[in-house]
Structures are given as structure tokens and as C-alpha cells.
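Participant:
Structure representation (C-alpha cells):
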């Protein structure tokens, strides 16, 4: 009787712990494929964001995606060399919210003055199909100037693109 | 007076002190011809955060940093934006001093954050290369020096949106 009780206890414990221990039963998403990517200029829409932030995100994306090795070639917005490529994908970044903080406040208080940018990053194929679409937030919380947020954002977007391709 | 009290007084005094930035001249006459600037990002042949000289000559915007340099033809410039940012002054030396000050007792090193803050102009130049690809070069200049440079570029033939028209909040002259 006592052994049965122990068995039930162990079985119940296993059932409770199993979802955390066993790997998820969802099949791994197949990777997308493209030999080249074109990085479109960051769109601001109605959000008031200084031009230097938009251009810094764009420049850092070009650099980081190029360095990631996920694509044979990375083209900038407007590059005529990308015109004839059949399997070209385009990365679009649209700013959804921007909060400019203060480096001085951040370094003095460590809890105030964070700079934050929310964007929607999407990758589209040549025919307009959306291959990837996700909301991403870039932050600079502690040390560094406000423009550092562009580096954090570009890093996160590059990671997302690299995982998908 | 105890040490914490002394440090507290120093911190309050530093908070009340104005930022260590020179006032821009109303006429812009004091702006040097070639201001010493920091290249933040955007020029492929120059390292990020490299200090150098920015000038407009022979129909091009030229940035020289030691042996490295880059020229952007004025005719290739699509727009010019001006912004400002309060950041830490002192360059690399400032960063080293601030890092060392972290070890100071009672977090007194934080007072340096206030003492070393400085306001800079941010000049963003949007241009295209021969293949039509879009580039954006961003520079940090001493306060009050971006506007004369922008005027110089426009005079030389660069395209730029009107200064009073905010482009997605970008142009803040």
C-alpha cells in the first residue's frame, strides 16, 4: 500500500514536471532562403524621431547584417545593382514608438532616463509576400549615449533575420 | 563636516552648475572654419567614433581623420539634418576617468557624470553613391557649429529641406 502511494506521488510529479523537461512537440520552422537582402530606409510614419536615430539604425543594420554572413550580399536602399536579382528579399523597419531619455539621468539614478525605440521589422519577397514580421524594442538603460539605442535595435533585428535565414 | 556631507554638497553644487558648453554666437562668426568633429557612423572608410576635421571644399564635404578620410560630393547630398545631444565630454580620456571613478566611495564618482556632460550638435548628411545606394553620415560637432556647416553645404549646392520644416522630428536647428 505504501509502495503504491510512493508510485502515485512519483507519477504525479513526473506529469507535472514533464512539460518543462520534454522538448516542445512543435516541428522546427524551416529556414527561409535568399542570397541577397536589401535594407530599406527606416520609416518613421507619424512618430517624431530625430533623423540621426533613423539613419543610425539604417547604417548599423547594413553593417551588422553584412557581418552576420546570413546573405551573400547586402544592398542598401536605392542600390541599382539589386534591381535584377530574382531572390532578393527586403528588410523594412518602421518606427512605432520612440522615447528619448537622458544619459545623465541614467548614469545618476540607474532607473530613470532610459531611451527606447519600438519598431516593426518585416522581410518581404520580391512579389510582396511577407516572410517575417515582428515587433522589436531597442533600449539603452544604463551607460552610453542615447544613440546607443540604435546599436541595440540593429543587434536584435539582425539576430531575428539570422535565425530566419 | 563628515565626508558624506561634503560629497553631498559637492554633488548638489555640481547639479546647479550650468553645463560646460560655450554659448553659440548669434552671428556664428566665432565658428572655426574646420571644426574638430567626431564621426559617429556612416563613412565606410573611416572608423566609428574617430575624431577629425570636417570641411567643405572643392565641391565636396571632406572628413579627414589621420591618414583615413572620405569625400562626399556636394551634388550627391540629398538632405542635411541638425540635432543636439547631451553627452559625456572628454573623449576617450573622459571614459577612462569615469570608469576609474566608479570605485570611488559613497558613489561620489557619479558627480563626474554631471561635471563632464557636454552638449553637442549632431549633423546628419544623407547622400547617395554612384550606384544610387543611400548612405547617412552622422557627426558630432561642438555646439553651434552644425548650422554654419549646413549653410556652407547649401551654398555649395547641396540639397536640403528647409531648416524650419521638421522632417519626422529630425531637423532641429
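Protein chains in written order, with the numbering used here: chain A, 1 to 165; chain B, 1001 to 1173.
Backbone N, C-alpha and C fix where the C-beta goes; we use that ideal spot for every residue, glycine too.
Just how far apart, CA to CA, sit residue 70/A and residue 1140/B?
Facilitator: Indexing the first chain from 1 puts residue 70/A at position 70. Indexing the second chain from 1 puts residue 1140/B at position 140. Residue 70/A and residue 1140/B: Cα-Cα distance of roughly 32 Å.
Participant: Using the Cα positions of residue 1104/B and residue 125/A, report the straight-line distance between them to the nearest angstrom.
Facilitator: The residue labelled residue 1104/B in the question sits at position 104 within the second chain. The residue labelled residue 125/A in the question sits at position 125 within the first chain. The straight-line gap from Cα to Cα measures roughly 55 Å.
Participant: List, in chain order, every chain B residue whose beta-carbon is nearer than 8 Å to that of residue 35/A.
Facilitator: Position 35 of the first chain holds residue 35/A. Those do not exist, as residue 35/A stays about 18 Å from chain B at its closest Cβ, beyond 8 Å.
Participant: Ignore the nearest five residues each way along the sequence and tell me which others in residue 114/A's own chain have a CB closer than 8 Å to its CB.
Facilitator: Counted from its first residue, the first chain places residue 114/A at position 114. Hits under 8 Å: 99, 101, 106, 139, 140, 141.
Participant: Does chain B have any CB closer than 9 Å to the CB of residue 79/A?
Facilitator: One-based indexing of the first chain puts residue 79/A at position 79. It does; some Cβ of chain B falls within 9 Å.
Participant: Report, in whole angstroms, the separation of the C-beta atoms of residue 33/A and residue 73/A, which I expect to be a contact under 8 Å.
Facilitator: Mapped onto the first chain, residue 33/A falls at position 33. Mapped onto the first chain, residue 73/A falls at position 73. Not a contact, Cβ separation roughly 14 Å.
Participant: Can you tell me the Cβ-Cβ gap for residue 93/A and residue 119/A, rounded? I've got them flagged as a contact below 8 Å.
Facilitator: Counting from 1 along the first chain, the entry for residue 93/A is found at position 93. Counting from 1 along the first chain, the entry for residue 119/A is found at position 119. With a Cβ gap of about 5 Å, residue 93/A and residue 119/A count as contacting.
Participant: Please specify which runs of the beta strand (DSSP E), each continuous and at least 3 residues long, are wholly inside the region 43 to 126 of chain A, giving them in chain order.
Facilitator: Whole beta strand (DSSP E) segments, 3+ residues: 73 to 76, 88 to 99, 115 to 124.
Participant: Do residue 1125/B and residue 1079/B come within 9 Å of each other at the CB atom, strictly closer than that value?
Facilitator: By 1-based counting over the second chain, the position of residue 1079/B is 79. By 1-based counting over the second chain, the position of residue 1125/B is 125. Their beta carbons are under 9 Å apart, which means residue 1079/B touches residue 1125/B by this criterion.
Participant: Determine whether the Cβ of residue 1097/B lies closer than 9 Å to any Cβ atom of chain A.
Facilitator: Indexing the second chain from 1 puts residue 1097/B at position 97. By this cut-off, residue 1097/B is not an interface position.
Participant: May I ask you to report which of helix, strand or coil DSSP gives residue 1062/B?
Facilitator: Within the second chain, numbered from 1, the residue matching residue 1062/B stands at position 62. Strand.
Participant: Tell me, please, whether the CB atom of residue 91/A is closer than 9 Å to any CB atom in chain B?
Facilitator: Counted from its first residue, the first chain places residue 91/A at position 91. Not closer than 9 Å to any Cβ of chain B, the Cβ of residue 91/A fails to qualify, so no.
Participant: Does any C-beta atom of chain C lie closer than 9 Å to the C-beta of residue 1134/B?
Facilitator: The structure shown contains no chain C; its protein chains are A and B.
Participant: Should residue 112/A be labelled buried (16 or more other beta-carbon atoms within 10 Å of its own) or exposed?
Facilitator: Indexing the first chain from 1 puts residue 112/A at position 112. Flag for residue 112/A reads exposed.
Participant: Cutting at 8 Å between CB atoms, please list the residues of its own chain near residue 1046/B, excluding the five before and the five after it.
Facilitator: Position 46 of the second chain holds residue 1046/B. So the list reads 1039, 1052, 1063, 1065, 1068, 1069, 1070, once near-sequence residues are dropped.
Participant: Whole angstroms is fine: what's the gap from residue 1145/B's alpha carbon to residue 1084/B's?
Facilitator: Residue 1145/B sits at position 145 when you count from the first residue of the second chain. Residue 1084/B sits at position 84 when you count from the first residue of the second chain. So the alpha carbons of these two residues sit roughly 11 Å apart.
Participant: Helix, strand or coil for residue 1067/B per DSSP?
Facilitator: Against the second chain, residue 1067/B aligns to sequence position 67. Coil.
Participant: Below 9 Å on C-beta distance, what does residue 112/A contact in chain B?
Facilitator: In the first chain, residue 112/A corresponds to position 112, counting from 1. Result: empty, since nearest Cβ-Cβ is about 13 Å, beyond 9 Å.
Participant: Cutting at 8 Å between CB atoms, please list the residues of its own chain near residue 1160/B, excluding the five before and the five after it.
Facilitator: As a position in the second chain, residue 1160/B is number 160, starting the count at 1. So the list reads 1077, 1079, 1080, 1150, 1153, 1154, once near-sequence residues are dropped.
Participant: Since residue 1128/B meets chain A, which of its residues come closer than 7 Å, beta carbon to beta carbon?
Facilitator: Within the second chain, residue 1128/B is the residue found at index 128, counting from 1. Neighbours of residue 1128/B on chain A, chain order: 78.
Participant: Please list, in chain order, the chain B residues whose beta carbon lies closer than 7 Å to that of residue 9/A.
Facilitator: Position 9 of the first chain holds residue 9/A. Those within 7 Å of residue 9/A in chain B number zero; the least Cβ separation is about 52 Å.
Participant: Taking residue 86/A as the reference, which of 95/A, 149/A, 128/A has the closest Cα?
Facilitator: The residue you call residue 86/A lines up with position 86 of the first chain. Here the closest residue by C-alpha is 128/A.
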